[in-house]
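Each residue of the sequence shown is one higher than the one before, starting from 699 at the first, in the working numbering. The structure appears below as structure tokens.
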Amino acid sequence: MTDEQSPSQPQDAGPQPIPPAGGPDMDLGGYLSAAWSLVTGDFVLFVIGYLVVAAILGVSVLTVIGPLIIGGPLWFGYFRVVQTRLKGEPASIGDVFQGFRDFGKGFLTFLLLALIVLGVVVVQMLLSLIPVLGILLTLCVSLVVGPMFFFVMPIAALSDVSPTDAISRSVKFCFANFWKMVLLSLVLGLIAMAGGLVCGIGALFTVPLAIVATVAAYNEYYLPKTQDAV
Numbered sequence: 699m700t701d702e703q704s705p706s707q708p709q710d711a712g713p714q715p716i717p718p719a720g721g722p723d724m725d726l727g728g729y730l731s732a733a734w735s736l737v738t739g740d741f742v743l744f745v746i747g748y749l750v751v752a753a754i755l756g757v758s759v760l761t762v763i764g765p766l767i768i769g770g771p772l773w774f775g776y777f778r779v780v781q782t783r784l785k786g787e788p789a790s791i792g793d794v795f796q797g798f799r800d801f802g803k804g805f806l807t808f809l810l811l812a813l814i815v816l817g818v819v820v821v822q823m824l825l826s827l828i829p830v831l832g833i834l835l836t837l838c839v840s841l842v843v844g845p846m847f848f849f850v851m852p853i854a855a856l857s858d859v860s861p862t863d864a865i866s867r868s869v870k871f872c873f874a875n876f877w878k879m880v881l882l883s884l885v886l887g888l889i890a891m892a893g894g895l896v897c898g899i900g901a902l903f904t905v906p907l908a909i910v911a912t913v914a915a916y917n918e919y920y921l922p923k924t925q926d927a928v
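So, in structure tokens, the structure goes:
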């Protein structure tokens, strides 16, 4: 698998060209296989690590704005734990807190994504007022928005790219590889949500599985394509 770009390495913060449609093909089965092997092989790290993140965010809801403040750094840490293990290096549950070293970047990334989600929800609510057609339009919005911002978190967490550039690059990559990104985000999204059907307990396994597959796709699909485009 392709190594991440270390957050300490210099990187051009300028706009990235739209990646070509060619390059490495998407291997959804390969990403899921790698994720399954990693999560089942290091079950405690990924499941308990996710539980720690989810529990902290759950408690922080009591402060109303808590999740908005600490959500980004916590997810940064979890994504970096995943990347570390995908590289074959050791990691511990405590490493989920390493994202607080980039608190400002994590906070801004999460804030921007939250604002985007809020905007999408408002649009969907307005569209739902349209008889019959509104339901179809809201579904279409979800199918487009999910792929557009699919790689924002791994791009921001695993490289020197700024939050705004991470959003820009994820969107450009999506539209250059649209249908494959729709498939990737839809399948991994359904897998993540599937665990919630088992009294929510299953999410302790399916969400980490989807996140690991996302980082694997970032390494093996996104990075090679964007590097070819530079």
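Where a beta carbon is used, it is the ideal one built from N, C-alpha and C, also for glycine.
Item: Ala-812 beta carbon near the ligand MG (any heavy atom closer than 7 Å); Value: The ligand MG is absent from the structure shown, which contains no ligands of any kind.
Item: Nearest-angstrom Cα separation, counted from Tyr-776 out to Leu-809; Value: 17 Å
Item: Inter-residue Cα distance where the pair is Gly-804 and Phe-903; Value: 24 Å
Item: Between the CA atoms of Val-762 and Trp-877 - distance to the nearest angstrom; Value: 37 Å
Item: Beta-carbon spacing of Glu-918, Tyr-748 below 8 Å; Value: no
Item: At least three beta-carbon pairs within less than 8 Å, the stretch 764-775 to the stretch 792-804; Value: yes
Item: Span of the alpha helix (DSSP H), counted from its first residue to its last, around Thr-912; Value: 901-915
Item: Neighbourhood of Ala-901 by C-beta, 6 Å cutoff - its chain only, sequence neighbours within 5 removed; Value: Gly-893, Gly-894
Item: Residue ranges of each alpha helix (DSSP H) within the stretch 715-778, 4 or longer; Value: 726-739, 741-758
Item: Supposed close pair Ala-908, Ile-889 - CB separation, criterion 8 Å; Value: 5 Å
Item: Straight-line gap, Phe-774 to Val-815 (C-alpha atoms, nearest Å); Value: 18 Å
Item: Selected residue, minimal CA-CA separation from Cys-838, among Ile-791, Leu-811, Val-880; Value: Val-880
Item: Rounded straight-line distance, which links the Cα of Gln-822 to that of Pro-829; Value: 13 Å
Item: Which of helix, strand or coil DSSP assigns to Lys-785; Value: coil
Item: CA-to-CA distance, Asp-723 to Ala-812, given in whole angstroms; Value: 31 Å
Item: Cβ-Cβ distance between Val-850 and Ile-833 below 8 Å; Value: no
Item: Length of the line joining the Cα atoms of Thr-782 and Leu-827; Value: 46 Å
Item: Cβ pair Val-794, Val-759 closer than 8 Å; Value: no
Item: Nonlocal neighbours in the same chain, by C-beta distance under 6 Å from Phe-847, ignoring five residues either side; Value: Ser-868
Item: Best match in Gly-756, Gly-786, Arg-778 for proximity to Ser-735 [C-alpha to C-alpha]; Value: Gly-786
Item: Cβ-based neighbour list, Val-742, same chain, cut-off 6 Å, excluding 5 preceding and 5 following; Value: none
Item: Residue range of the unbroken alpha helix (DSSP H) whose run includes Ile-853; Value: 850-856
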